[in-house]
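> Mind looking over this structure? Questions follow.
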Amino acid sequence: KNQVEQSPQSLIILEGKNCTLQCNYTVSPFSNLRWYKQDTGRGPVSLTIMTFSENTKSNGRYTATLDADTKQSSLHITASQLSDSASYICVAPKVGGSNYKLTFGKGTLLTVNP
Amino acid sequence: NAGVTQTPKFRVLKTGQSMTLLCAQDMNHEYMYWYRQDPGMGLRLIHYSVGEGTTAKGEVPDGYNVSRLKKQNFLLGLESAAPSQTSVYFCASSGPGTGVGRNTEAFFGQGTRLTVV
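These protein sequence lines map, in sequence, to chains A and B. 1 is the number of the first residue of the first sequence in the working numbering; add one for each residue after it. 1001 is the number of the first residue of the second sequence in the working numbering; add one for each residue after it.
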């Protein structure tokens, strides 16, 4: 069973608008939660990494929040730009022994239209 | 400032052919990973390595082999390609020495698009 679920699956917004993407995770034990941006045809690029003790973390126009109690995270994009069109993937490393594996969600496909 | 480099970027194989995908990183990372990404699905881990000379199976290892003879290189081999292996393959690396779960950054290559006909 996929231990990371993202919503919505896809989203279309107008340039300049804000949006929020959601991620629910069930990975245990929890190490950290990451948001990646993946442009079409390219490898994922990290946006934020949040540890258990962090509630909010910003990277420019991207702000991630984490609620470890409800196991939910969100990624808020402010004043969207055309270049924000991409897949946004929530990742929750699964801690197992001395090895760490990334569990990837299917991602949210964001399209920003002019 | 190359980061993670994958070769080739594109390849078309006939069923039954073999090939090797090369991943090279210049960040002195201990951990390296091979993923595949299919339409409508997230990245799935094929194999990974926690150091030179070591490899381990991920979620979907069948039909693939890997080798990590040098710290900077991680090779993914397909001995007898099948149409089900048509996918985009991504390599990633992280470090130094503490693994992804310890809040270290993971860097991805640009991907290899493989088609098996």
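Even glycine gets a Cβ: it sits at the ideal position worked out from N, Cα and C. As the structure is a prediction and not an experimental result, all values here were calculated from the model.
Using only the alpha-carbon positions, how far apart do S80/A and K1014/B sit?
Whole-angstrom Cα-Cα distance: 43 Å.
> Strictly by DSSP, which residues pair up with K57/A?
A64/A, per the DSSP bridge assignment.
> Flag this pair as touching only if the region 33-40 of chain A and the region 83-91 of chain A have three or more C-beta atom pairs under 8 Å; answer yes or no.
The region 33-40 of chain A vs the region 83-91 of chain A: in contact.
> Does P8/A get closer than 9 Å to chain B when you measure Cβ to Cβ?
Output row for P8/A: interface = no.
> Would you verify that the beta carbon of L1043/B is, or is not, closer than 9 Å to some beta carbon of chain A?
Yes, its Cβ sits closer than 9 Å to a Cβ of chain A.
> Whole angstroms is fine: what's the gap from S98/A's alpha carbon to Q1025/B's?
For S98/A, the predicted model reports a pLDDT of 46, less than 50, meaning its position is unreliable and no value from the coordinates is stated.
> Taking contact to mean at least 3 C-beta pairs separated by less than 8 Å, is the region 8-23 of chain A in contact with the region 39-58 of chain A?
As far as the Cβ criterion goes, the region 8-23 of chain A does not touch the region 39-58 of chain A, which means the pair count is below three.
> Quick check on this structure: which residue in Q3/A, L33/A, I12/A has the alpha carbon closest to the alpha carbon of T1104/B?
With distances taken between Cα atoms, T1104/B lies closest to L33/A.
> Distance cutoff 9 Å, beta carbons only. Does G1095/B sit that close to anything in chain A?
Answer no: the Cβ-Cβ gap between G1095/B and chain A never drops below 9 Å.
> From the beta carbon of L1085/B, is the nearest beta carbon of chain A less than 9 Å away?
Just to set this straight, residue 1085/B is Gln in the shown sequence, not Leu. Not closer than 9 Å to any Cβ of chain A, the Cβ of Q1085/B fails to qualify, so no.
> Of all Cβ atoms in chain B, is any one closer than 9 Å to the Cβ of S98/A?
Interpretation of S98/A is limited by its pLDDT of 46, a score under 50 that renders its predicted location unreliable; the figure taken from the coordinates is listed afterwards. Yes, S98/A counts as interfacial toward chain B.
> Distance check for K1009/B and I1081/B, CA to CA, integer angstroms please.
The sequence shown places Ala at residue 1081/B, rather than the Ile named in the question. So the alpha carbons of these two residues sit roughly 17 Å apart.
> Can you check whether the C-beta of G16/A is within less than 9 Å of a C-beta belonging to chain B?
It does not: the Cβ of G16/A has no partner Cβ on chain B nearer than 9 Å.
> Of all the options F1090/B, A1106/B, S1094/B, L1114/B, which has the alpha carbon lying nearest to the alpha carbon of V1006/B?
Correcting the residue identity first, residue 1006/B is Gln in this sequence and not Val. Ranking the options by Cα distance to Q1006/B, first place goes to F1090/B.
> Using a Cβ cut-off of 9 Å (strictly closer), state whether G1111/B contacts chain A.
Yes, its Cβ sits closer than 9 Å to a Cβ of chain A.
> In angstroms with no decimal places, state the Cα-to-Cα distance between S74/A and F104/A.
Spanning the two alpha carbons is a distance of roughly 15 Å.
> L1078/B: which of G1095/B, W1034/B, N1028/B sits nearest, CA to CA?
Out of G1095/B, W1034/B, N1028/B, W1034/B has the C-alpha closest to the C-alpha of L1078/B.
> Counting only C-beta atoms, is V993/B closer than 9 Å to chain A at any point?
Any answer about residue 993/B is impossible in this case: the structure gives chain B only from 1001 up to 1117.
> Would Q1072/B and L1114/B be called neighbours here (beta carbons separated by less than 9 Å)?
Against a cut-off of 9 Å, the Cβ pair of L1114/B and Q1072/B comes out as no contact.
> On the DSSP letters alone, give me the boundaries of the beta strand (DSSP E) that K37/A sits inside.
Note, K37/A: beta strand (DSSP E), 32-38.
> Compute the Euclidean distance between the alpha carbons of T63/A and R1044/B, then round it to the nearest angstrom.
Straight-line Cα distance between these residues: approximately 26 Å.
> Are there 16 or more other CB atoms within 10 angstroms of the CB of S1018/B, so buried, or fewer, so exposed?
So S1018/B ends up on the exposed side.
> When you compare only the Cα positions, how much space is there between G1040/B and V4/A?
Spanning the two alpha carbons is a distance of roughly 14 Å.
> Report the residues of the region 1015-1042 of chain B with a CB closer than 9 Å to any CB of chain A, ordered along the chain.
Going along the region 1015-1042 of chain B in chain order, one finds Y1031, Y1033, Y1035, Q1037, G1040, M1041, G1042 with a Cβ nearer than 9 Å to chain A.
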